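Asks: Pasting a structure here, questions to come.
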Amino acid sequence: MTMEDLRFPNWITLAMGVTLVAMPWILPSLTLASEILVLATGALSCTLLLGSVGLLSFGQGLYFGLGAYVSAILIRDFAVGAMAATLAASVAGCLVAALAGLLIVRRQGVYFVMLTLAFAQMGFFLALAFPKLTGGENGFGNVTRTTVAFEQLPLSNPLLLYGFLALLCFGAFAFVQRIIASPFGSVLNAIRHNDSRAEALGYDVRRFKLAAITIAGGIAALSGAMNTLLLSFVPLSAIDVESSERLLIASLIGGVGSPLGAFIGAAVLSAMSDFLSPIWPRWSTIVAVLLIVTVLFLRDGLLGLGRILRRRPKDALNG
Amino acid sequence: MSAQVLTFGALNGVGIGMIYFILSVGLTMIFGLMQFVNFAHGAFYMVSAYAAFAVAQWTGSVLPALLISPLLAAIFALVSERVLLQRTYNLPHESQILITFALAILAQESMTMIFGTLGKNVPVPEVFSGVVILGGFVYPSYRLFVVGVAAAVAVSMWVAIERTRFGAVVRAAAENPEMVGLLGFDSRKVFMAAFAFGGALAGLAGALAAPLRGVEPLMGREALAIAFVVVILGGLGSFSGALLAALLIGITQSLMSMIWPGGAHLMIYGVMTVILAFRPAGLMGRA
Amino acid sequence: MADPLLIARGLGVRFGSFQAISDLDLSVSLGALHSVIGPNGAGKTTLFNALSGTRRPTQGEIRFRGLPITNVPACRRVHLGLSRSFQLTNIFRDLSVAENISLALQAVAGREAWAFWRARDPSRVSRDRAAELAQTVGLASRFEARAGDLSHGAQRALEIAMALSSDPKLLFLDEPLAGMGLDDVHRTKLLIRRLAPERTVVLIEHNMSVVLDISDTITVLAQGRKIAEGSPQQIRSNAEVKNAYLGSAA
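Here's what the structure looks like:
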């Protein structure tokens, strides 16, 4: 990343804004555009953790599911407006992430990764074990489209829904960009490069990691709430391990070096899902191959490919 | 809930736990040796279980699978090492995790392509289809057989690692790969052998588990998570830790399935969370 | 006589069944340049790790300015006024010299590190101060260079600059001269000598002539125990010390 990339706002912010506005007109369906927004926001939580702090999480699906269920319950059973429900879902995500983080952050490296997977699986069984709350196997349904707030702006209008989701998505992206370009972000970056040195300089590395985990949990929960708004329904699969994997794969394929990667990966994955799954149910095979190619050859994901193609020198970087 | 029923549940749990042990010990040993966590470990288990199903279909009994499945898994492990994994040794740890993860997806999709998405049943071998009466309990013979096999594996592994020359080489390679190279052993070959063996163990677990829970494409994912819990609680690289943890969660799952069936699996993770809250380094307490 | 700045009593560090340090007493006077020497495997770096907080001692206690710090984690000790450099260069290779030093400055700039809503505040993390520190260790001309591209000697200098950034009262330097060329050694020797008595410096070094030249006090370790302590004169003529070195000469 160049010095340019680390300022906020920058060209990426602009590009994101323009793309979000243009998507409904470029893409064949509004639904696809909305799906991309949801997946992009979820993938962003993985990008923040892996790209900024160097933490690989196989468990962001836990918070995605949590956000989905919390917002669904609030909207359907408590007649809460979409804005408030989304906010509540994000807060819930932060809280649970902070709690889980307290346990997870004590372990390093590979243990950390394994724990995230274990917690993801736990989330799935939690949802299954309390069907009265979550609807169990059948999912949580009848979350009829509500209004944004104070009974204004009904989300039953698909374009309005897209606009609301786009706002949330952009908000999350701008927030992550802001964090990365701040002193806090520079510490996360230092931790990713050399956490023992960061510790020796006087940074409480565990606390910073916990903060990152908490923020990422909130963002994943936000995307879960967005998913509920889109589907009017929470399937059990929102909280299964595959949900975690989908978010992670989207961020990896796009490239974790920048928030933009989360969006690109989400766009590619959503498009593939929409176009391929009716033709070939086992299209995940292609995703797996793409992942292997990314890990072995395209270290910065598709973003990195773009960089190579445009022949931008990679080491114009500075602190 | 009488003592008798509880004891039965516990014994049942030992059977489950032993399978979890065989499943996990390969993972933990490979990490202890190669500093590498194989996210395709569950896939080895799943592929072997499907192989057991296929064997049962063709030969009428699943017993030959107890030899065939581990062999298949070992071959699978060696091939994936040659084709994919060896390219990742110079890359950061995350890369190895992600490649094996991708491999797991490929394996799952392949099995689904061949066998379909629905679960399949694998009949218990004829010779073990009965029950054994143990001091007032009626215990399914197959489960007893599983416990026996697992115990035999555990003992022979312990003997192999602690008492044989090969085991000594393996332990030395874990501590100091270069030195072992200087002594004339190819540490890469040692690692490959260990990796294949770890895969074979997962394969054995898959073949043993197939008659108990059937086979379906998602079983690999579930198995991976359980292996992780065992390894997190028992400590990576610890043989006795894996045994203890596996038995603990096996018994927990079994007892829970009698009290609150919906929460049986959940409890495994609940126990993990509680233990980690008080002993962050796991059961064996290695800091 | 003033109280020592740092006292370690009965210090012991054990790894499994291996006792790296046993029953070590150390007393560092304020403003001293105190060197710790000894043959390889004597436990010098382990001692540093215990004193700087990277490794918790298994026995004994450590006091800094009278306060017990035995179990205080390394990141907290920096804020108390201790700082260290590493034997194996431990810098942020992919970041510039400027950013390396700025990160060190940022760590002790109050709550600056937690500001996530704005860019870095130059009044709290001063680029001028970073440049000054780079100048002190001779890296002014390489300020914007990528740390990983520096020569070995320059990287060692960066280590020292980063350790100095927190304005420490007590500075641990772990083999700062390791692998340096003659010019660098000379310049760094003068730099270290100038640090005391304004700061207190504890130094691990193998370069005997430098140690004997600049130290106020020398402590000699062998096999995890203290075998001698005193002025350079005293150490130079100590038979046990000679034994320890010659006995383990490879």
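Protein chains in written order, with the working numbering: chain A, 1 to 319; chain B, 1 to 287; chain C, 1 to 250.
Don't be surprised by glycine CBs; every beta carbon is placed ideally from N, CA and C.
From a predicted model like this one, the values you see are computed outputs, not experimental measurements.
Below 7 Å CB to CB, which residues in the same chain sit around B/N121 once its five sequence neighbours on both sides are set aside?
Replies: G214
Asks: Does DSSP classify A/S270 as helix, strand or coil?
Replies: helix
Asks: Helix, strand or coil for B/T117, going by three-state DSSP, please let me know.
Replies: coil
Asks: If we define contact as Cβ-Cβ less than 8 Å, is A/I179 a contact residue for chain C?
Replies: yes
Asks: Is the region 175 to 186 of chain A touching the region 100 to 119 of chain C, taking contact as three or more C-beta pairs under 8 Å?
Replies: In this structure the region 175 to 186 of chain A touches the region 100 to 119 of chain C; the number of beta carbon pairs closer than 8 Å is three or more.
Asks: Using CA atoms only, rank isn't needed, just tell me which of B/F128, B/T59 and B/S95 is closest to B/V147.
Replies: B/F128
Asks: Classify B/F278 as helix, strand or coil using the three-state DSSP reduction.
Replies: helix
Asks: For C/P168 versus C/R146, is the C-beta spacing smaller than 8 Å?
Replies: no
Asks: Taking C-alpha atoms, which residue in A/R7, A/V268, A/L168 and A/M23 lies nearest to A/L229?
Replies: A/L168
Asks: For chain B, find out if any of its Cβ atoms is closer than 8 Å to the Cβ of A/T285; answer yes or no.
Replies: yes
Asks: Under 8 Å, with one C-beta from each stretch per pair, do the region 18 to 26 of chain C and the region 231 to 238 of chain C reach the 3-pair mark?
Replies: Note that the region 18 to 26 of chain C does not touch the region 231 to 238 of chain C; fewer than 3 beta-carbon pairs, one per stretch, sit closer than 8 Å.
Asks: Does any residue of chain A have a CB that is nearer than 8 Å to the CB of C/L94?
Replies: Here residue 94 of chain C is Asp; the residue named in the question, Leu, does not match the sequence. True, the Cβ-Cβ gap to chain A drops below 8 Å.
Asks: Quick one: Cα of B/A52 to Cα of A/L298, how far?
Replies: 38 Å
Asks: Can you name the residues that DSSP bridges to C/E229?
Replies: C/T219
Asks: 8 Å is my cut-off, CB to CB: does A/Y69 come that close to chain B?
Replies: no
Asks: What would DSSP say about B/V132, mapped onto helix, strand or coil?
Replies: strand
Asks: Give the interface partners of C/R84 over in chain A, defined as CB-CB distance under 7 Å, in chain order.
Replies: A200
Asks: Between the region 10 to 20 of chain A and the region 237 to 244 of chain A, do three or more beta carbon pairs fall short of 8 Å?
Replies: no
Asks: I need the boundaries of the alpha helix (DSSP H) containing A/T13, first residue and last residue.
Replies: W11 to I26
Asks: Using a Cβ-Cβ cutoff of less than 7 Å, which residues in the same chain neighbour C/D184 once the five nearest sequence positions on both sides are dropped?
Replies: G153
Asks: Could you tell me the alpha carbon to alpha carbon distance between B/E216 and A/T294, rounded to whole angstroms?
Replies: 29 Å
Asks: Since B/P211 and B/V62 should fall inside the 8 Å C-beta cutoff, what is the C-beta to C-beta distance between them, to a whole number of angstroms?
Replies: 6 Å
Asks: Comparing C-alpha positions only, which one of A/G123, A/V234, A/V96 and A/S57 sits nearest to A/G139?
Replies: A/V234
Asks: Name the DSSP beta bridge partners of C/L26, please?
Replies: C/A8
Asks: Which one or two residues does DSSP pair with C/I37 in a beta bridge?
Replies: C/V220
Asks: Where does C/M1 fall in DSSP's three states?
Replies: Unreliable positioning characterises C/M1 in this predicted model, as indicated by a pLDDT of 46, which lies under 50. A coordinate reading is not provided.
Asks: Please look up how many angstroms separate the CB atoms of C/V137 and C/V108, rounded, as I've assumed it's under 8 Å.
Replies: 18 Å between Cβ atoms; not a contact.
Asks: Can you find at least 3 beta carbon pairs, one from the region 50 to 63 of chain A and one from the region 211 to 219 of chain A, that sit closer than 8 Å?
Replies: yes
Asks: Would you call C/K189 buried or exposed, if buried means 16 or more other Cβ atoms sit within 10 Å of its Cβ?
Replies: When all chains shown are included, C/K189 counts as buried.
Asks: Could you check which residue in B/Q96, B/A225, B/E162 and B/L144 has the C-alpha nearest to that of B/N12?
Replies: B/L144
Asks: DSSP beta-bridge partners for C/S83?
Replies: C/L171
Asks: How should C/K242 be labelled, buried or exposed, when 16 other C-beta atoms within 10 angstroms of its C-beta is the threshold for buried?
Replies: With fewer than 16 other Cβ atoms within 10 Å, it is exposed.
Asks: In whole angstroms, give me the CA-to-CA distance for A/V268 and A/L159.
Replies: Approximately 22 Å, taken between the alpha carbons.
Asks: Buried or exposed: which applies to C/N49, given that a residue is buried once 16 or more other Cβ atoms fall within 10 Å of its Cβ?
Replies: buried
Asks: Taking C-beta pairs closer than 8 Å, name the residues in chain C that A/V205 reaches, listed in chain order.
Replies: Neighbours of A/V205 on chain C, chain order: C75.
Asks: Cα separation between B/A160 and C/G53?
Replies: 41 Å
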